Amino acid sequence: MLTKFETKSNRVKGLCFHPRRPWILASLHSGVIQMWDYRVGTLIDRFDEHEGPVRGVHFHATQPLFVSGGDDYKIKVWNHKTHRCLFTLHGHLDYIRHNHYVMSASFHPKEDMVVSASLDQTVRVWDIGALRKKSVSPADDLLRLTQMNTDLFGGVDSVVKYVLEGHDRGVNWASFHPTLPLIISGADDRQVKLWRMNDTKAWEVDTLRGHMNNVSCVMFHAKQDIIVSNSEDKSIRIWDATKRTSIQTFRREHDRFWILAAHPEMNLLAAGPVSPVLRILHPEGSSSGSNKKTWIIPKDSAGRADYLQEAKKGAGGWAVFVARNRFAVLEKSSNQVLVKNLKNEIVKKSPLPIATDAIYYAGTGSLLCKAEDRVAIFDLQQRLVLGELQTPAVKYVIWSSDMETVALLSKHAVVIASKKLVHRCTLHETIRVKSGAWDENGVFIYTTLNHMKYCLPNGDSGIVKTLDVPVYITRVVGNGIFCLDRDGKNKLITVDASEYIFKLALLRKRYDHVMSMIKNSQMCGQAVISYLQQKGFPEVALHFVKDEKTRFNLALESGNIQIAVASAKEIDDKDHWYKLGIEALRQGNVGIVEYAYQRTKNFERLTFLYLITGYLDKVGFMSKIAAQNSNLMGQFHNALYLGDAGKRVEILENAGQLPLAYVTAVTHGLTEIAERIDAELGENVPSLPERKTHTLLIPPAPLMACGDWPLLRVMRGIFEGGLDVTGRAELEEDDEAAAADWGDEDLDMVDASEVMAYGGDGFDIEHAEPNEEDGEDGGWDLEDLELPPETETPKAAASARSIAFVAPTLGMPVSQIWTQKSSLAGEHAAAGNFDTAMRLLSRQLGIKNFAPLKPLFLDLHMGSHTYLCAFAAAPVISVAVEKGWSESASPNVRGPPALVFSFSQMEDILKAAYKATMGGKFPEALRQFLNILHAIPLIVVDSRRKSMK
978 MLTKFETKSN RVKGLCFHPR RPWILASLHS GVIQMWDYRV GTLIDRFDEH
1028 EGPVRGVHFH ATQPLFVSGG DDYKIKVWNH KTHRCLFTLH GHLDYIRHNH
1078 YVMSASFHPK EDMVVSASLD QTVRVWDIGA LRKKSVSPAD DLLRLTQMNT
1128 DLFGGVDSVV KYVLEGHDRG VNWASFHPTL PLIISGADDR QVKLWRMNDT
1178 KAWEVDTLRG HMNNVSCVMF HAKQDIIVSN SEDKSIRIWD ATKRTSIQTF
1228 RREHDRFWIL AAHPEMNLLA AGPVSPVLRI LHPEGSSSGS NKKTWIIPKD
1278 SAGRADYLQE AKKGAGGWAV FVARNRFAVL EKSSNQVLVK NLKNEIVKKS
1328 PLPIATDAIY YAGTGSLLCK AEDRVAIFDL QQRLVLGELQ TPAVKYVIWS
1378 SDMETVALLS KHAVVIASKK LVHRCTLHET IRVKSGAWDE NGVFIYTTLN
1428 HMKYCLPNGD SGIVKTLDVP VYITRVVGNG IFCLDRDGKN KLITVDASEY
1478 IFKLALLRKR YDHVMSMIKN SQMCGQAVIS YLQQKGFPEV ALHFVKDEKT
1528 RFNLALESGN IQIAVASAKE IDDKDHWYKL GIEALRQGNV GIVEYAYQRT
1578 KNFERLTFLY LITGYLDKVG FMSKIAAQNS NLMGQFHNAL YLGDAGKRVE
1628 ILENAGQLPL AYVTAVTHGL TEIAERIDAE LGENVPSLPE RKTHTLLIPP
1678 APLMACGDWP LLRVMRGIFE GGLDVTGRAE LEEDDEAAAA DWGDEDLDMV
1728 DASEVMAYGG DGFDIEHAEP NEEDGEDGGW DLEDLELPPE TETPKAAASA
1778 RSIAFVAPTL GMPVSQIWTQ KSSLAGEHAA AGNFDTAMRL LSRQLGIKNF
1828 APLKPLFLDL HMGSHTYLCA FAAAPVISVA VEKGWSESAS PNVRGPPALV
1878 FSFSQMEDIL KAAYKATMGG KFPEALRQFL NILHAIPLIV VDSRRKSMK
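Residue 978 is where the sequence shown starts when you use the numbering used here, and the numbers rise one by one after that.
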């Protein structure tokens, strides 16, 4: 059995395979017609216009149609694409000249004949040739369907040609042979009868016996010389049509089959039981696997008829070669393996470590033993288990050509492991795994019922090809897949292996192959792009993408500001400019941030950018722009950023906030302005709190005006040069000065100082809309302002010929080097790794209470580091203090930490403690002795003499 489908009906009454697609129709006793995809086991559609059981269904050979007939005396023609019943035929209101129920009827594949079976114990063959004369043009069909339907079996258009009698009870099924003049029938007398006919008569040829209950359906196989029958004895039997003997039996103890259908092209059968399960069968079935024979055939026996006389044979459950002239045979009864020579003589017996169902070759002298839930590698010489792995029930074992990797195939999983059965990855499938093979690159290619897939060594997988019919892979050579179909015919399938070869090259860091494939192949797609992003190669994915939004996101992810700017220009969307500004700010590319804020007209962010970069003159220009735009809050913020108290008072006065203007003027010592406002307020002058120090809102002056962060000159990345966006393989060498800049592409950057001095020509502050006259998107329209020109904002953007560099590898902190190179607790404490220091002391000295040592740990850590402060807003830089450091020391060689506790210090403390004891200062002496005891475990000495002392 290949698969089964669950349904909620009581009985399946009719079945039909689609001639080309993997679909099957099932008509149910409930009146519903279901259409299934039998490869994946899913219900595609359902049709439910019949009233009562639907007895039969059939697909049209070429059109998207099928026909159904039911107990409601209706024949319906359906279009399964549109899910509509096209029309309904009426007229079957009698029993078509049988004397009882008609159980089946089917057309002859070539001639104008119909065979029917009835419970009146007869099989009748009908001549319907007269119906052909009544055929009309397709345009008139729908108009005359009703008239034709009334005449189909009611007049003299169909005549009984033969009446076949021979069954003792009612006949349930009859069908024609696809090519020969034969008829097969099955009845309630438990017999299957074979009939032959000619132009004048028909007669019984033979009777097939073996079913133990009513035979409900029987048919000839379309491709093979076999007969298939099913019965209410819960079995399906396969008969040899020539010898007329039973050759195979499928038995399901909980199923009682009712209907059969054969695929017109493939070797598939469908069985519909009374229970709510539809099953798809393969006629060959599977062998029982008991009492297998082992044959030793001489090498020179080819073409000889007497080779069997020289052959050696013996009983065994499984046999595999383990050496050139040795093979192993599994003896299941004793769970041991027998090693034999080519004379079939037992050389060695070895008990197996697990309850073994099968054995497989695992290299010279080794076996792979398969149990129900695990596999094990067993060395026959040493009688040792070399490896063991828990797996689902394994069906096939496939080794790579170098015997370094093995694929274990189970029903719904593929497990990849090393030669010692170290697990590497597991792939789970929802449908059955059929076969597999390794290619020369170490990629495992396997097939399921409807796909050919690949599995990389790291577990990444994907689809190579969709299959119309299942195939069984035998070998993979380059792009060619050698395989067998279900008829046993050899096939060569050519596939496009570029996707998994590309991924394999990335996995193995063969970047030269990756570059070659990108430049020469047409491989692209969302799956490849997502894979590159997932694996940390967004810069490579950039070269597969033409969609600007996707390129923009990939450029941001890879830190490629140049491509991001180019894509943002093409998209010209506010959200994308905003994202670009964030990424450029993160990279310290102030010029791009300024350009992005200008394109989005984001004055607040632009003002704050000028403030934090120290360009206070441009903050003043932005204040005038805010005034032109009547933006009072913008003006006030700018005045606050600049520390201009007089301007803030003026803005508050203009806004009508005289009390606030008065308080601001008084607080900042603007006496004349405060008196003038006092006069205006009269009795409403606000009172200021007394005896409190007033804090002026003056921002700190920037230490320096900074532009773009400098770039390091580092090695070019592996993908750069060969993969640049212009498509050139070589790039010009940049000089030293250019290497430390962001590029020289000319952006449409607007210099705020030039706007103030000369006025803008493309951006109207008042309306925040582009100027229609010039159509440019440059500066701002402030024609009346007469301000001196300032230096330009640094141009900073993407250069078409500039490239993204790979950042230098982050070095290892000195404190980490200390802990890796030392097993001394004091040096671990100096590195700040208190946890490992305590573990060392606990293991070396048995210390459990570390509370007294806490201040010493802190002193060691603080004393072995110094701290540098660069700018007021920058974080403090921690620098490790090394013992014996000198300027001539190599920067790549790190010394141990300089500890604040030393042996000489302890000697001095000991002398002080003795002196305190002699002077009767016992508390002081006790404190000194405890300090020495606590410090001793953390002291590092450089000689054995000091250590002993």
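C-beta atoms are modelled at their ideal positions from N, C-alpha and C, and glycine is treated no differently. What you are looking at is a predicted structure, and each value in this text was computed from that prediction instead of being measured.
Which runs of the beta strand (DSSP E) at least 3 residues long sit entirely within the segment 1412-1441? Give them in chain order. 1421-1425 and 1428-1432
Best match in 1465, 1842 and 1477 for proximity to residue 1429 [C-alpha to C-alpha]: 1477
Alpha-carbon to alpha-carbon, residue 1547 and residue 1525: 7 Å
Name the two residues that bound the continuous alpha helix (DSSP H) containing residue 1788. It is not in any alpha helix (DSSP H) - residue 1788 carries neither H nor E in the DSSP assignment.
Classify residue 1839 as buried or exposed, calling it buried when 16 or more other Cβ atoms lie within 10 Å of its own Cβ. exposed
Assign residue 1146 to one of three DSSP states: helix, strand, or coil. coil
C-beta contact flag for residue 1325 and residue 1313 at 8 Å: no
Are the segment 1657-1664 and the segment 1635-1648 touching by the rule of at least three beta carbon pairs closer than 8 Å? yes
Residues near residue 1855 in its chain [Cβ-Cβ closer than 7 Å; skip 5 each side]: 1842 and 1844
Taking the alpha helix (DSSP H) that residue 1535 belongs to, which residues open and close that run? 1525-1535
Counted within 10 angstroms of its Cβ, other Cβ atoms place residue 1559 as buried (16 or more) or exposed: exposed
Here's the rule: buried if 16 or more other CB atoms are within 10 angstroms of the residue's CB, otherwise exposed. What is residue 1686? exposed
Go ahead and pull the three-state DSSP assignment for residue 1105. coil
Secondary structure of residue 1497, DSSP reduced to three states: helix
So for residue 1035, helix, strand or coil by DSSP? strand
Residue range of the alpha helix (DSSP H) that residue 1601 falls in? 1593-1605
Other residues of its chain near residue 1038: CB distance less than 7 Å, five sequence neighbours each side excluded: 996
Among 1152, 1087 and 1057, the one whose alpha carbon lies nearest that of residue 1094: 1152
Is the segment 1026-1035 touching the segment 1433-1445 in the sense that three or more CB pairs, one from each, lie closer than 8 Å? no
For the alpha helix (DSSP H) that contains residue 1552, what are its first and last residues? 1551-1564
Thinking just about the alpha-carbon of each residue, which of 1224, 1230, 1197 and 1193 is nearest to the one in residue 1211? 1230
Could you give the distance in angstroms between the alpha-carbon of residue 1472 and the alpha-carbon of residue 1580? 57 Å
Simplified DSSP state of residue 1831, which is helix, strand or coil: helix
Bridge partners - residue 1212, DSSP secondary structure assignment: 1228
Look up residue 1314 in the DSSP assignment and say whether it is helix, strand or coil. strand
Taking the alpha carbon of residue 1630 as the reference point, which residue from 1570, 1083, 1450 and 1654 has its own alpha carbon closest? 1654
Straight-line gap, residue 1927 to residue 1016 (C-alpha atoms, nearest Å): In the structure displayed, the chain extends from 978 to 1926; residue 1927 sits before or after that span and is not available.
Hey, is the segment 1166-1173 in contact with the segment 1043-1056, meaning 3+ C-beta pairs nearer than 8 Å? no
Can you tell me whether residue 1862 is helix, strand or coil according to DSSP? coil
Of the residues 1064, 1592, 1319 and 1218, the one placed nearest residue 1298, counting alpha carbons only: 1319
Residue 1326 - partner residues in DSSP beta bridges: 1315
Within 8 Å of any Cβ in chain C, is that where the Cβ of residue 1471 sits? Here chain C cannot be found, since the structure has a single protein chain.
Can you find the residues in the same chain that come closer than 7 Å, C-beta to C-beta, to residue 1480, ignoring five residues on each side of it along the sequence? 1433, 1437 and 1508
Note down the Cα distance separating residue 1044 from residue 992, rounded to an integer number of angstroms. 12 Å
Which class does residue 1389 belong to by DSSP, given the choice of helix, strand or coil? coil
Which residue marks the beginning of the beta strand (DSSP E) containing residue 1197, and which one marks its end? 1192-1197
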